[in-house]
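What follows is a short report on a single structure.
Chains as they are written, first to last, in my numbering: chain A, 23 to 183; chain B, 23 to 183.
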């Protein structure tokens with residue numbers, strides 16, 4: 023993208039990637055979102071699917087509620103205490119391309135075709151789902167060499183050395 | 023996607039997302055890749071751009087070389103010792119949609135339009151770069167409700183409870 027001379031004039035302290043990673047930049051948080059994309063909603067379901075420590079799962083679910091990727095609602099089954107259910111918000115649903123990007127990359131680079139544990143297909147036509155890099159004027163199939171990065175209105179200059 | 027009854031019949035132990043996250047599921051690793059997408063190649067450049075601890079940066083660069091996302095080559099400047107330079111491989115370059123996905127999400131959900139520190143544009147036409155979810159038969163602009171997940175050839179059954 024931009025050359026590294028320009029890059030080093032700007033601070034990465036307020037980068038949107040950095041800030042996104044403070045919320046979804048932890049393995050278990052992304053795995054919980056993966057399970058929510060599959061339709062799971064309850065603590066016991068997430069725990070069964072992920073097999074992680076209960077206190078870790080609890081803390082990550084709380085983080086996702088605090089940052090409004092999940093809403094928490096209560097339910098009570100016959101003879102049981104009140105429990106919490108977690109539903110994706112639009113903010114949470116829009117993490118999907120990141121998870122599909124990781125799935126595509128893992129399928130391509132870490133698995134042989136006959137080792138792939140999951141196919142994600144288009145409900146309408148059965149085609150395989152992929153992430154694509156596109157531009158707002160309709161060009162698709164873009165890669166690194168097609169891109170140029172420019173400082174936006176919120177860019178901060180780096181501190182001089 | 024698939025309903026949660028089906029989901030819990032299958033293990034997530036060998037999921038491509040899980041395996042991708044063992045390599046790129048750590049904040050600093052993704053930030054180093056972001057800098058490599060900007061064109062940075064040298065330890066001192068990464069250190070200056072990221073401001074992280076040198077031993078952490080060293081360990082993450084080694085991880086990226088070990089997993090073949092970077093190649094390491096040597097260079098020597100006049101009067102200096104031999105130093106290492108890091109270049110993206112195709113495997114590394116293909117993490118780009120994940121990073122652009124994080125950038126788009128952070129720009130949309132964590133920043134006001136006038137706070138965005140970076141614009142990534144199509145070199146050809148100037149359009150804004152975005153990730154899109156598409157299918158192999160040419161449908162684009164897909165979202166969660168358009169997708170269905172099915173066990174692939176490598177799917178593992180969950181252990182019975």
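All C-beta atoms, glycine included, are put in the ideal place defined by N, C-alpha and C. Predicted, not measured: the structure shown is a model, and the values here were computed from it.
Is residue i near residue j, with beta carbons less than 8 Å apart?
i	j	result
residue 37 of chain B	residue 140 of chain A	yes
residue 126 of chain B	residue 152 of chain B	yes
residue 169 of chain B	residue 142 of chain A	yes
residue 167 of chain B	residue 175 of chain A	no
residue 41 of chain A	residue 132 of chain B	yes
Return the chain-ordered list of same chain residues with a C-beta closer than 7 Å to the C-beta of residue i, the five sequence neighbours on each side being excluded.
i	result
residue 35 of chain A	178
residue 97 of chain A	105 and 107
residue 59 of chain A	118 and 121
residue 149 of chain B	143
residue 76 of chain A	69
residue 30 of chain A	180
residue 90 of chain A	111 and 113
residue 74 of chain A	50
residue 162 of chain A	154 and 156
Below 6 Å CB to CB, which residues in the same chain sit around residue i once its five sequence neighbours on both sides are set aside?
i	result
residue 56 of chain B	121
residue 95 of chain B	107
residue 147 of chain A	none
Sorted by chain position, which residues of the same chain lie with C-beta nearer than 8 Å to residue i's C-beta, five sequence neighbours on each side aside?
i	result
residue 54 of chain A	68, 72, 79, 82, 83 and 86
residue 123 of chain B	153
residue 32 of chain B	173, 177, 178, 179 and 180
residue 52 of chain B	46, 117, 120, 121 and 124
residue 92 of chain A	58, 83, 86, 108, 109, 110, 111 and 114
residue 88 of chain B	none
Using the Cβ count rule (16 or more neighbours within 10 Å means buried), how would you classify residue i?
i	result
residue 164 of chain B	buried
residue 129 of chain B	buried
residue 134 of chain A	exposed
residue 100 of chain B	exposed
residue 160 of chain B	exposed
> the segment 99 to 118 of chain B: which residues have C-beta closer than 7 Å to a C-beta of chain A, in chain order?
Replying inline: 113, 115, 116, 117 and 118
>> Which residues of the segment 133 to 159 of chain B have a Cβ closer than 7 Å to any Cβ of chain A? Give them in chain order.
In response: 133, 136, 137, 138, 139, 140, 141, 142, 143, 144, 145, 146, 147, 149, 150, 151, 152, 153, 154, 155, 156, 157, 158 and 159
>> Quick check: the segment 62 to 71 of chain B against the segment 97 to 117 of chain B, are at least 3 beta-carbon pairs closer than 8 Å?
In response: yes
> Mind listing which residues of the segment 166 to 180 of chain B have their C-beta closer than 9 Å to chain A's C-betas, in chain order?
Replying inline: 166, 167, 168, 169, 170, 171, 172, 173, 174, 175, 176, 177, 178 and 180
>> Any C-beta of chain A within less than 9 Å: which residues of the segment 29 to 41 of chain B qualify?
In response: 29, 30, 32, 33, 34, 35, 36, 37, 38, 39, 40 and 41
> In chain order, what residues of the segment 83 to 94 of chain A put their CB closer than 7 Å to some CB of chain B?
Replying inline: none
> Using a beta-carbon distance cut-off of less than 8 Å, what residues from the segment 51 to 65 of chain B approach chain A?
Replying inline: 52, 53, 56, 57, 59, 60, 61, 62 and 63
>> Can you pull out the residues from the segment 120 to 131 of chain B whose beta carbon lies closer than 8 Å to at least one beta carbon of chain A?
In response: 120, 121, 122, 123, 124, 125, 126, 127, 128, 129, 130 and 131
>> So if I threshold CB-CB distances at 9 Å, which residues from the segment 65 to 80 of chain A count as touching chain B?
In response: 67, 70, 71, 72 and 73
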